[in-house]
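Residue numbers (our numbering): 3 to 771. The structure under discussion appears below in the form of structure tokens.
Take a look at the structure:
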């Protein structure tokens, strides 16, 4: 058996007949995806596959919109200086660029301001507001930030600055007192609450200029996808059209960024998530985010390309810094705690969110990663969570411990006094122990369906792609395959990736798991594996083949590892812990305990998962009893052919009769002298003759003295099996036949009757997405 890394949850498929309500020529597998997303009619399915800008909601349904538009237009007409106050991530940068486009279009005197993460921290701050006031700015419009800026709103009022806040982050108990706020979650009449910061900025842009400017939709797509908001409703429309516009954009800065990212003509949500987004984020993480805004606004191609290359260089720096901090943090992790809180002076606070994410992936625990600032007496950083724990709600129960706090269910930023760190760890650890079970700490995989190998082909994958862009709220579907692989091997220069090939009527199907290489030795041959992953198309040398990218895997049946004839150090299959070995031919280590058969029979074996046999038992009964008591998940047979005292083919009953007749005929003879003639005539070697002689002397049918074998008349009739010599050799030969000379399939069949049938792992059904 092999446990999965995540909890697998199965999305319930509606009744098969419900597919008939979607009259589109598509695979039933794809129709099930529509139904799982609550799309039940042909019209809804067509709208989902063909997003329409006409379905965007009226921006004036957002509370505060009319008031904001009137004030901005007034400022533009009066040539008041307006500043767009943004955030330093990809969403904040995109939001800033979008609103600047609108302000310039209406002739406003405008600039932008993005705080430095290190010197000013997140969001509006008093020093920046005072500086902007001195520079003559009378109107500040925040984008992607500000909803938690209670004090800064008071400062703006004191300075006579009109503050318009546009944001999408979770509103807290107290709302800033400012000129007006545009926030979907504070707008009763606005039906969609999940816009990204750039979505709110785009709504304000649309309201200001009276139409939706398609040219800025690429920025809307970047911010929306990079900020991981649900890609449904308006977000889906903005992402879909933004990706199309990004392919043909005239923005010089975007063209340069695409060139550096080595993007092809067709750009997907994954290109945003893994190429464009990280580069735009990197500059704000390590320094001043102005470079990202300036790149997106730049009109000279050579300058833009130079700036894009600089962004790329900064992103490479960011990767190294992240890995260095991850390595240090892992040494500090206390695995007995249900929350990970690590802190150190000198850590770059701009990348701590990424570090926290990597710790969550590694340890399946919520993680808070903080930079210590001893001069200020504070710690500052970021947190990421697991699906079962709402980080925002959890931290709000101890809000008084923080100087600053904000975020979402799965991510947050925070500042707190150093002396509160222990209290925070104690409080959150207790909260997690009280409310979560051990199973809750696994990541979750939502599986859409179980497919057969024959179901998978390029046509199906192309149909599924029509549901893109995928993301939060519209995840790329995960499918489970339950099959026996034809081949399992490690790939990559460090052998840290796994590749499996399966036979199919459609041809070979490859499945690739990045980072799963260590599991290769934990998978025995002829074993059915359950694999969960995403379907994709592999294009190579002009050929397009279906493949599955592995997200997780598990084996629900017991496994036999046949290491017969291999070296002892190859005994332990990779990633199989709690190994128990009968025999003394392997050195124990942290994963291995070594006992003799006799010791094992007197032990409680139920807490062990794997048993390895390195020596033949004296009796197969001992091995049977150990297997029955332990019921292992994995059995390792690592026996080698040994030279024993009877190196011969076990004699048949006729051979015993023939030899006994020979003894009776001669009455006595020297065995050594008779050996050559018997070997020529019968083909019996010396060892075979010695064994039969020992059996007859053991039964009293003969005696042996000084090399002479003498016939003795039998007092009672006895069976050969009554001889202890016969029984010992018979059992040893039986053990050798089964444990050394049998093939893999026969060896596995021999073990089967002594193992309880394993219980299938629980398949938890969930409804909808």
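Yeah, the Cβ is synthetic: ideal placement off N, Cα and C, and Gly gets one too.
- When secondary structure is reduced to three states using DSSP, residue 626 falls in the helix class.
- Within the same chain, 85, 87, 163 and 165 come within 6 Å of residue 142 by CB-CB distance, once the 5 residues on both sides are set aside.
- According to DSSP, residue 489 shares a beta bridge with 503.
- In this chain, the beta strand (DSSP E) harbouring residue 384 covers 380-386.
- Sequence-distant Cβ neighbours of residue 609 in its own chain, meaning closer than 7 Å and more than five residues away, do not exist here.
- The C-alpha of residue 296 lies about 11 Å from the C-alpha of residue 256.
- Counting along the chain, no alpha helix (DSSP H) covers residue 560, and no H or E run does either.
- Contact between the stretch 90-98 and the stretch 360-377 is not established, with fewer than three Cβ pairs separated by less than 8 Å.
- For residue 706, the beta-bridge partners assigned by DSSP are 711.
- In this structure, the beta-carbon distance from residue 373 to residue 351 falls below 7 Å.
- Between the alpha carbons of residue 47 and residue 304 lies a distance of about 44 Å.
- Ranked by how close their Cα comes to the Cα of residue 204, the residues 224, 188, 190 and 13 have 224 in first place.
- Under the three-state reduction of DSSP, residue 86 is assigned to strand.
- Rounded to the nearest whole angstrom, the CA to CA distance from residue 345 to residue 753 is 51 Å.
- In the three-state DSSP reduction, residue 216 falls in the helix class (H, G or I).
- Residue 119 and residue 286 do touch by the CB rule: their CB atoms are close to 6 Å apart, below 8 Å.
- Here residue 446 has 8, 9, 11 and 389 as same chain residues with Cβ atoms under 7 Å from its own Cβ, once five neighbours each way along the sequence are excluded.
- In the three-state scheme derived from DSSP, where H, G and I count as helix and E and B as strand, residue 328 is classed as helix.
- DSSP places residue 342 inside the beta strand (DSSP E), whose first and last residues are 342-347.
- Across the set 461, 385, 683 and 290, the C-alpha of 290 shows the shortest separation from the C-alpha of residue 117.
- Residue 525 and residue 463 have their C-alpha atoms roughly 28 Å apart.
- Collapsing the DSSP output to three states places residue 18 in a helix.
- As DSSP reads the structure, residue 476 sits in a beta bridge with 473.
- Residue 552 places its beta carbon less than 7 Å from that of residue 513.
- DSSP places residue 538 within a strand segment (E or B) once states are collapsed to three.
- A residue is called buried when at least 16 other Cβ atoms come within 10 angstroms of its Cβ; residue 199 meets this threshold and is buried.
- For residue 139, no alpha helix (DSSP H) encloses it; the enclosing beta strand (DSSP E) starts and ends at 139-145.
- For a cut-off of 8 Å, the C-beta gap from residue 484 to residue 532 is around 5 Å, short enough to register as a contact.
- Rounded to whole angstroms, the Cβ separation of residue 732 and residue 690 is 14 Å, and the two are not in contact under 8 Å.
- Under the three-state reduction of DSSP output, residue 317 falls in the helix class.
- Annotation: residue 386 to residue 436 spans about 20 Å, alpha carbon to alpha carbon.
- With respect to the C-alpha of residue 426, the residue from 190, 400, 153 and 126 having the closest C-alpha is 400.
- A distance below 7 Å separates the beta carbons of residue 431 and residue 341.
- Where residue 136 is concerned, there is no enclosing beta strand (DSSP E), although the alpha helix (DSSP H) around it starts and stops at 128-136.
- If one requires a minimum length of 4 residues, the alpha helix (DSSP H) runs lying completely within the stretch 251-315 are 254-262, 279-288 and 292-299, in chain order.
- A distance below 7 Å separates the beta carbons of residue 595 and residue 582.
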